[in-house]
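Read through the structure below, which is laid out as structure tokens, and then see the notes.
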Amino acid sequence: MPESALADEVGSLAFLLAVQHEITRPELRFYHRLPQVMFMSSASPVVLCTYHYDATDRLADCSPAGQGSARFFYQQNRLATQIQGQIQHTLLRTDEHLLAHLSVENNQNDCLLLATDQQQSVIAAQGLAFAYTPYGHRYPSGPASLPGFTGQRLDPITGHYLLGNGYRAFNPVLMRFNSPDSLSPFGEGGLNAYAYCEEDPVNRVDPGGHLPTFLVNILKRASSVKKRLLRLSEI
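Here the sequence shown stands for residues 972 to 1206, numbered as in my numbering.
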């Protein structure tokens, strides 16, 4: 089935096509948000996962084929809780800093303290250690429920980061976004509509998928909050 025919079926909604070259490493092509993830073969496309968005355009639900759907809940526009069946994952944080990951299954709690670097990338948890390429590919991959590069959730179906709470998919292997920035090329998104952090992923972060922020600005804000808390504790 040609791509144009598939596009007609979903109307204005765009989706991800996975074109089969190798079963374990398909070539991925993206079109903006992800209503569906499809696997293309010589026969017919197979839906691997369906994504749903809420009224504020945030990723609200992810339904992998043959599995229960995962629901996402946010606090201050950051992912706070993920519920899939009887399993609940909650991220504990203070301001912009990740502290711990809490898992609850069948009334059994498991809490992991998280060690992060200056970009808030999770580099260690209990019994686990991670390393990242400059553009965020994690080794070893680790549990899908643990945040990854810059503290973002790694999508287990595609292996990509859905930045902006599902707005744009960032591929850490190809080191680029899979869809153009709506603010490019003449707006604040810059001339290169697919570039991540203006090709400077070490000194910048882009949690929203639109505009990169210098890391030093985030660290200054965190330092300012810490000073205010210290002053309050002295009162």
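The beta-carbon is built from N, C-alpha and C at its ideal position, and this holds for glycine as well. Being a predicted model, the structure only gives us computed values, none of them experimental.
Which of helix, strand or coil DSSP assigns to residue i
i: N1174; result: coil
i: L1186; result: helix
i: F1101; result: coil
i: L1134; result: helix
i: T1121; result: helix
i: A1115; result: coil
i: Y1110; result: strand
CB of residue i within 8 Å of CB of residue j, strictly
i: P1178; j: T1121; result: yes
i: N1174; j: F1185; result: yes
i: C1082; j: A1071; result: yes
i: Q1165; j: P1143; result: The question names Gln, but residue 1165 is Tyr in the sequence shown. Contact: no.
Cβ shell of residue i (< 6 Å), same chain only, five flanking positions each side left out
i: G1119; result: R1109, L1125
i: M1146; result: Y1106
Element boundaries [alpha helix (DSSP H), containing residue i]
i: N1080; result: That residue, N1080, is in no alpha helix (DSSP H); its beta strand (DSSP E) goes 1079-1084.
Extent of the continuous beta strand (DSSP E) to which residue i belongs
i: L1069; result: 1068-1076
i: L1062; result: 1058-1065
i: H1023; result: 1017-1024
i: T1129; result: Here T1129 belongs to no beta strand (DSSP E), and DSSP marks it neither H nor E.
i: Q1046; result: 1041-1046
i: D1032; result: 1030-1035
i: Q1089; result: Neither: Q1089 is in no beta strand (DSSP E) and is coded neither H nor E.
i: Q1055; result: 1049-1055
Close Cβ partners of residue i (< 8 Å) along its chain, the five nearest in sequence each way excluded
i: S1040; result: D1032, C1033, S1034, Q1055
i: L1084; result: L1070, A1071, A1096, Q1097
Sequence-distant residues of the same chain with beta carbon closer than 7 Å to residue i, five excluded per side
i: E1076; result: Q1057, I1058
i: Y1167; result: Y1106, F1141, M1146, R1147, F1148, D1177
Uninterrupted beta strand (DSSP E) stretches inside the region 1139-1175 (no shorter than 3 residues): 1139-1142
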